[in-house]
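These notes concern the structure reproduced below.
Number of protein chains: 2
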Amino acid sequence: MSANSRLTVAAHALTWIGLYQRRGHEVATSEQIATSVNTNPVVIRRLLAELRKAGLAESRRGAGAGWTLTRDLASISLLEVYEAIEPGPLFGLHPSTPDPECVVGHGIGPALTAVYDEIEAALRTQLAMTTLEDVLQGVLKAA
Amino acid sequence: MSANSRLTVAAHALTWIGLYQRRGHEVATSEQIATSVNTNPVVIRRLLAELRKAGLAESRRGAGAGWTLTRDLASISLLEVYEAIEPGPLFGLHPSTPDPECVVGHGIGPALTAVYDEIEAALRTQLAMTTLEDVLQGVLKAA
DNA sequence: GTCAGTCGTAACAACTATGGTTACTTCATG
DNA sequence: CATGAAGTAACCATAGTTGTTACGACTGAC
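Chains A and B, in that order, are what the protein sequence lines are. Using this note's numbering, the first residue of the first sequence is number 1, and each one after it goes up by one. Using this note's numbering, the first residue of the second sequence is number 144, and each one after it goes up by one.
Encoded structure:
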């Protein structure tokens, strides 16, 4: 898979809004964010719309419109961002149901599901350990 | 999406070969494996070819041809299988280089890379904890 | 009320990855 | 030589991601 940049762009956008608000601005426009991310504003709006569904961002319409965070950067973990934008499980099972007559075909699904569950739990634990405030601090340190 | 079933099919195929050999057979054909996985033999051959490059499987041609494991199931971890078939990193960075004039655009790459490295390390640690023998035991227990 | 600016969304194209299928070649053993 | 299976190329279909254009909906400023 790979080349899945959705988490990167989402973290970038939220961090950008957070820093912008911290500097005294009320709202950030999708065009401003898109300039920083180097993409199209619609891409930003689509992604932020998913984050809004998860309660992480809000949007205002009309004149002087734009995006705001609903919470402080320090209270948003990468896990919340990940869950807001990544629907499916990390590893999928078989495209077609394997042969139930075969011992392996019959038992491999449950066996792998147990393993995958533990792996995803570890992934989530790791994602939960980093907040967007941590990301912002990393950004400022790198600058 | 995910629907990334490559790890599932690879683990299934290797486990199947291992059990088949344990039962006294010398080689397993891609058609036999494909029947258990419920897919096309070419799909199995393509995937096993990648595992052969990684040194996990071997193939014999000609009459009486087929596939064998190079090592015991207990000595093959899911991490080795994963690395043999998943080329890229779990999370990608930006599709286009973000704005270097922007503080966030400039620093977000290194900041996220550090985070992603830790996450992948945790994923690999978890994958390394399970061997194909563990998978086979789970399969037999489920049956 | 009008206007301007911005979000909300649909629609489309391009690209990539995955999965499935057919067809043909290559090879080694009996 | 005949046979059975791997090796591989060539497609097709599907789905996800990214980028783009276009247009409607909304709201604050005037």
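Even for Gly, the Cβ is constructed at its ideal location relative to N, Cα and C.
Per DSSP, reduced to three states, the secondary structure at T131/A is strand.
Rounded to whole angstroms, the separation of the alpha carbons of R214/B and T268/B is 21 Å. Under the criterion of beta carbons closer than 8 Å, S220/B and A271/B qualify as touching, at roughly 5 Å. Shown here for A10/A: same chain residues with a beta carbon closer than 7 Å to its own, the five before and five after excluded, namely L47, L51, V81 and I85 in chain order.
Scanning chain B for C-beta atoms nearer than 8 Å to the C-beta of H25/A yields nothing, as the closest lies near 14 Å away.
Judged by DSSP secondary structure, E58/A falls outside any alpha helix (DSSP H) and instead within the beta strand (DSSP E) spanning A57 to R60.
Contact annotation: P241/B and S36/A have beta-carbon atoms nearer than 8 Å.
The C-beta separation of L279/B from L162/B comes to about 6 Å, placing the pair in contact by the 8 Å criterion.
Under the criterion of beta carbons closer than 8 Å, A257/B and G138/A qualify as touching, at roughly 6 Å.
With a cutoff of 8 Å on beta-carbon distance, H168/B and I108/A are scored as not near each other.
Contact annotation: E263/B and P232/B have beta-carbon atoms nearer than 8 Å. Counting only runs of at least 4 residues, the stretch 160 to 214 of chain B fully encloses the following alpha helix (DSSP H) elements, listed from N- to C-terminal order: 173 to 180 and 184 to 196. Near chain A, meaning a CB-to-CB distance below 7 Å, the residues of the stretch 232 to 250 of chain B are P232, F234, G235, L236, H237, P238, S239, T240, P241, D242, C245, V246, V247, G248, H249 and G250.
Chain order gives the chain B residues near G138/A as G250, I251, P253, A254, L255, A257 and V258, where near means a beta carbon separation below 9 Å. Apart from the 5 residues on each side of it in sequence, L7/A sits with its Cβ closer than 8 Å to the Cβ of L78, V81, Y82, I85 and E86 in its chain, given in chain order. Relative to the Cα of R188/B, the nearest Cα in the group V247/B, P253/B, P243/B and W210/B belongs to W210/B.
Of the other Cβ atoms in all chains shown, 16 or more fall within 10 Å of the Cβ of A57/A; this residue is therefore buried. If you draw a straight line from the Cα of A63/A to the Cα of A142/A, it is about 35 Å long. Looking at the DSSP output, S5/A bridges to nothing. T131/A and D277/B have their alpha carbons spaced roughly 35 Å apart. Secondary structure of S96/A (DSSP, three-state): coil. Following the DSSP letters along the chain, one finds L90/A in no alpha helix (DSSP H), marked with neither H nor E.
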